[in-house]
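Q: Structure incoming, see below.
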Amino acid sequence: MREEYLLAALRMGAGADPVPEGVSASARAVFGLRVPGGVPAGPVDVSVPPGARSSSEAGAAPAGLRRFSADGLVIDVETTVADGHLEVAGQVSPAPGQDARIEVRTPHIAKVRVPSGSGHFAVAGLPPGWVSVVCHRPGHPPVFTRWIHARP
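Residue numbers (our numbering): 2 to 153.
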């Protein structure tokens with residue numbers, strides 16, 4: 002850390018300088034990305050059965066596949082970047098039922114899909130970068146994944 006940054010941080014901590022507007026704006030933007038009343042789904046290790054398509058390690062899941070679990074749900078999320086756009090496909094297990102919806106969010110836009118009867122969903126045309134998936138079910142709090150960084 003350079004000395005000037007350390008001194009600036011100390012001044013800010015002491016209350017001598019106002020917080021720079023860029024820092025305040027970023028903090029407000031991050032606050033807007035939260036899911037009030039939601040349940041965070043934690044990451045779960047994913048393995049595939051022998052003989053299934055996988056990465057270079059035997060039994061390892063494909064590189065873009067991540068699994069999360071909370072509140073009785075498992076959310077599988079697979080990300081790919083193709084032609085400069087992010088594609089997200091996944092499945093919620095058990096299937097979330099009628100009137101459920103899946104929200105695929107980036108820091109800039111969100112797209113909502115109705116999952117299939119088996120809980121599958123897909124979204125294409127998102128900007129590459131950070132993405133999170135939220136499962137909304139009537140009568141239950143939303144379950145959301147942590148932010149995943151998807152890059153080419």
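We put the beta carbon where it would ideally sit given N, CA and C, even for glycine.
1. Where DSSP assigns a beta bridge to tryptophan 148, which residues make up the other side?
2. Suppose only complete runs of 3+ residues qualify. What are the beta strand (DSSP E) ranges in the region 86–129, listed by chain order?
3. Tell me which residue opens and which closes the beta strand (DSSP E) that arginine 67 is part of.
4. Near aspartate 100, what residues of its chain come up, given a Cβ to Cβ distance below 6 Å and the 5 sequence neighbours on each side ignored?
5. Take threonine 81 and list the residues in its own chain whose beta-carbon comes closer than 7 Å to its own, dropping the five residues that flank it on each side.
6. Using only the alpha-carbon positions, how far apart do valine 174 and arginine 68 sit?
7. With DSSP collapsed to three states, give me the class of glycine 43.
8. Can you list, in chain order, the residues of its chain whose CB lies under 6 Å from that of alanine 90, leaving out five sequence neighbours each side?
9. Per DSSP, what kind of secondary structure is serine 25 in: helix, strand or coil?
10. Tell me which same chain residues have a C-beta within less than 8 Å of the C-beta of glycine 120, skipping the five on either side of it?
11. Which two residues bound the contiguous alpha helix (DSSP H) that contains leucine 7?
12. Grab me the residues of threonine 150's own chain with a C-beta within less than 6 Å of its C-beta, minus the 5 sequence neighbours each way, in chain order.
A: In brief:
1. BP columns for tryptophan 148 are empty, so no partner.
2. Positions of the beta strand (DSSP E) runs, each at least 3 residues long and wholly inside the region 86–129, are given as 86–94, 102–106, 111–114, 121–127 in order along the chain.
3. For arginine 67, the uninterrupted beta strand (DSSP E) segment begins and ends at 66–71.
4. If we look at aspartate 100 and ignore the five residues flanking it on each side, its Cβ neighbours are Pro139.
5. Gly65, Glu88
6. Nothing can be reported for residue 174, as the shown portion of the chain is limited to 2 through 153.
7. strand
8. Glu79, Ala123
9. Helix, per DSSP.
10. Gln92, Val93, Ser94, Pro95, Ala96, Pro97
11. 4–15
12. The residue asked about is misnamed: residue 150 is histidine in this sequence, not threonine. Answer for histidine 150: Trp131, listed in chain order.
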